[in-house]
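Peer 1: Supplied in structure tokens, the structure appears directly below.
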Amino acid sequence: MFGVIYTYRCILTNDWVSTEKDIITFYNERGASEKNFDIQNNDFGWSHLLFSFMAENMVFMMVTAMLKNQLIFLEKK
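With positions in the sequence shown counted from 1, the corresponding number in the numbering used here is that position plus 18.
Following this line, the structure appears as structure tokens:
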């Protein structure tokens, strides 16, 4: 009825040096890393850490991150 529908997005920044393409690339990469943390929180138990002490939780987080990397490696084979 109204023709083609477009999706408009904007990025607010105070970076006057970078090109538009560089800024878009930077924010797309940032979004990809946020997605990575979302997966770690939901699939690998980072949203509710198991231990009371930060050092123990850090070991848990490092081990689960390494397991995720191994899982991705095995899925690609």
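Built from N, CA and C at the ideal position, the CB exists for glycine as well.
Could you give the DSSP three-state label for Leu89: helix, strand or coil?
Peer 2: helix
Peer 1: Based on Cα-Cα distance, which residue from Tyr26, Ala73, Glu74, Met79 lies nearest to Gln65?
Peer 2: Strictly speaking, residue 65 in this sequence is Ser, with Gln absent from that position. Closest option to Ser65, Cα to Cα, is Met79.
Peer 1: Near Ile29, what residues of its chain come up, given a Cβ to Cβ distance below 8 Å and the 5 sequence neighbours on each side ignored?
Peer 2: Ile41, Ile42, Tyr45
Peer 1: Just checking my contact of Asn75 with Leu67 at CB under 8 Å: how many whole Å lie between their CB atoms?
Peer 2: 4 Å
Peer 1: What's the C-alpha gap between Thr31 and Val22?
Peer 2: Roughly 29 Å separates the two Cα atoms.
Peer 1: Report yes if the CB atom of Lys94 is closer than 9 Å to the CB atom of Ile57, and no otherwise.
Peer 2: Cβ atoms of Lys94 and Ile57: not closer than 9 Å.
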